[in-house]
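Quick note on numbering: UniProt numbering labels position 81 of the sequence shown as 81, and the sequence is numbered without any gaps.
Each residue gets a CB set at the ideal place from its N, CA and C atoms; glycine is no exception.
I have placed the structure first, in the form of C-alpha cells, so that the comments after it can refer back to it.
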Amino acid sequence: MAETIRVGSLRGIMMRGPGITSTLPFYEDMWGLSLAHKEDGIALLRGTGEEPFLYGLKDGPVYGIEYVHFAMPDRASMDALYRQVIARGGIALAEPDLFDDYAGGYGFEMLDPDNRRLRFRTEALTHDEEPEWAKPRKVSHVVLNTPDMDGVQEFYTHVLGFRVSDYSADQMVFLRCNSDHHSIALVRGNYASVNHVAFEMPSIDEFMRGIGRMKQKGHVPTWGPGRHGPGNNPFAYFVSPSGFVIEFTSELQQIDETTHEAQVWPRDKPEAMDRWMTAGPPTPAQRAVMQGRPDPGFPELAPARSKI
Numbered sequence: 001m002a003e004t005i006r007v008g009s010l011r012g013i014m015m016r017g018p019g020i021t022s023t024l025p026f027y028e029d030m031w032g033l034s035l036a037h038k039e040d041g042i043a044l045l046r047g048t049g050e051e052p053f054l055y056g057l058k059d060g061p062v063y064g065i066e067y068v069h070f071a072m073p074d075r076a077s078m079d080a081l082y083r084q085v086i087a088r089g090g091i092a093l094a095e096p097d098l099f100d101d102y103a104g105g106y107g108f109e110m111l112d113p114d115n116r117r118l119r120f121r122t123e124a125l126t127h128d129e130e131p132e133w134a135k136p137r138k139v140s141h142v143v144l145n146t147p148d149m150d151g152v153q154e155f156y157t158h159v160l161g162f163r164v165s166d167y168s169a170d171q172m173v174f175l176r177c178n179s180d181h182h183s184i185a186l187v188r189g190n191y192a193s194v195n196h197v198a199f200e201m202p203s204i205d206e207f208m209r210g211i212g213r214m215k216q217k218g219h220v221p222t223w224g225p226g227r228h229g230p231g232n233n234p235f236a237y238f239v240s241p242s243g244f245v246i247e248f249t250s251e252l253q254q255i256d257e258t259t260h261e262a263q264v265w266p267r268d269k270p271e272a273m274d275r276w277m278t279a280g281p282p283t284p285a286q287r288a289v290m291q292g293r294p295d296p297g298f299p300e301l302a303p304a305r306s307k308i
C-alpha cells in the first residue's frame, strides 16, 4: 500500500455570516489581529506570523464556515494529496490549479462528509513576521461539531493522513497533521457546526496578557483561564460579536511520533478537563454556545462527486 500523504499544516479559517464583516473592529481593537486585505463583503485578518491571513470574515446568509484552510509544502505534495483524495473516495471540487484570490498560490478544494469545504494551498503570499506582544501568532486548531464523529474521523485519517492524538471519552477526538497535538478536533453533536477556533499566543505570559487586554476592554472569558488535559494547553474562551466561540491558547503539546500513544481522557473528572482547576468544567451556557448554529455547508457542490 502506498505511503499516506499527510496534510502539512493548518493555515486558518474563513467564517461567514450575515453582516459578519461589520465585526472587524472587534478583531483589530480587542482580539489582536491586523487587517491584511479588505474587499466588498470580505475582510481578511492576519496574525504576527507569515500567513497571509488567519481568520477571514465573509458576509453571507448562513452562519458557519466558508472553508477551513490548510497548507501543503509544495506542488508535488499538493498533487500527491489530490491523487490520494480521489483514490480514497474524497469529493474534490476541481483539479489543483492557481488561486485568483488575495493569498494566491496553488491548490484545490474538497468537501468533507459534513459538506464542509476544505481548501489546500501552497505557494501562498507570505508576510514578514512582525512579533508584537500578546498578539496571536497563528490559528492553533479548529474544533468541529459533527453528527458522525466516527465517520468524519475516518475521513480525516484515511483520506487526509491525520493521526489520532487523544480522545475525550467517546465524545471528542483530537487529530494531528504535524507535531501539534491537534489541528482539528471533532465533537459528537446533533448537527454539523463550528465549535470554536483557537488562536496561539507565543508564551504563557502573552496568553494571560491577551486575557487582560480583553477584560480591560470589557470582554471577559466565558470559560477559563484553565489548562486542558488533552493537549496540555492553557485555554480562555470568548464569544465573538457574531456569536462564534474563539479561544486564546499557548504551549500546545508537541507530539513525538516515536513514543506517543493515544489515550482516552475521562470527562467525569474535572481535573482532566482543567488541570489547573481554575476554570472547572464548562457551564451549560458555555456548552450551548459551543454547539453552534447548524451549518449546512455546501451540499449543492456535492454532485461534483460524479464528475471526478
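### Query
Arg83 by DSSP, collapsed to three states: which one?
helix
### Task
Could you round the C-beta distance between Ser140 and Trp265 to whole angstroms and report it? I think they count as a contact, below 8 Å.
Not a contact, Cβ separation roughly 18 Å.
### Message
Is the beta carbon of Arg116 closer than 8 Å to that of Val68?
### Response
yes
#### Entry: Ile20 (DSSP reduced to helix, strand or coil)
helix
### Query
Does DSSP put His228 in a helix, a strand or coil?
coil
### Query
Roughly how many whole angstroms lie between the Cα atoms of Pro230 and Pro281?
14 Å
### Task
Tell me, to the nearest whole angstrom, how far the beta carbon of Arg96 is from that of Met201; I am working on the premise that it is less than 8 Å.
The sequence shown places Pro at residue 96, not Arg. Not really, about 34 Å apart at Cβ, beyond 8 Å.
### Query
Roughly how many angstroms lie between the CA atoms of Ile13 and Asp268, to the nearest whole one?
32 Å
#### Entry: Cutoff 6 Å; reference Arg209; Cβ partners in own chain excluding five residues on either side
Ala134
### Task
State the Cα-Cα distance for the pair residue 353 and Val245, rounded to the nearest angstrom.
The displayed coordinates of the chain run from 1 to 308. Any statement about residue 353 would go beyond what the structure contains.
### Query
In this structure, does DSSP put Gln153 in helix, strand or coil?
helix
### Task
Determine the contact status of residue 396 and His196, defining contact as a CB-CB distance below 8 Å.
With the chain covering only 1 through 308, there is no way to say anything about residue 396.
### Query
Looking at the C-beta of Gly226, does it have a partner C-beta in chain B at a distance below 8 Å?
Among the chains in the structure shown there is no chain B, since it carries only a single protein chain.
### Message
I'd like to know if the segment 17 to 36 and the segment 52 to 60 are in contact, where contact means that at least 3 CB-CB pairs between them fall below 8 Å.
### Response
yes
### Message
What residue range does the beta strand (DSSP E) around Gly64 cover?
### Response
64 to 71
### Task
Quick one: grab the DSSP three-state call for Gly56.
strand
### Query
Once you ignore the five residues that flank Arg99 on each side, which residues in its own chain have a CB closer than 6 Å to its CB?
Per the sequence presented here, residue 99 reads as Phe, with Arg not at that position. Closer than 6 Å at Cβ, skipping near neighbours: Gly105.
### Task
Classify Ala92 as helix, strand or coil using the three-state DSSP reduction.
strand
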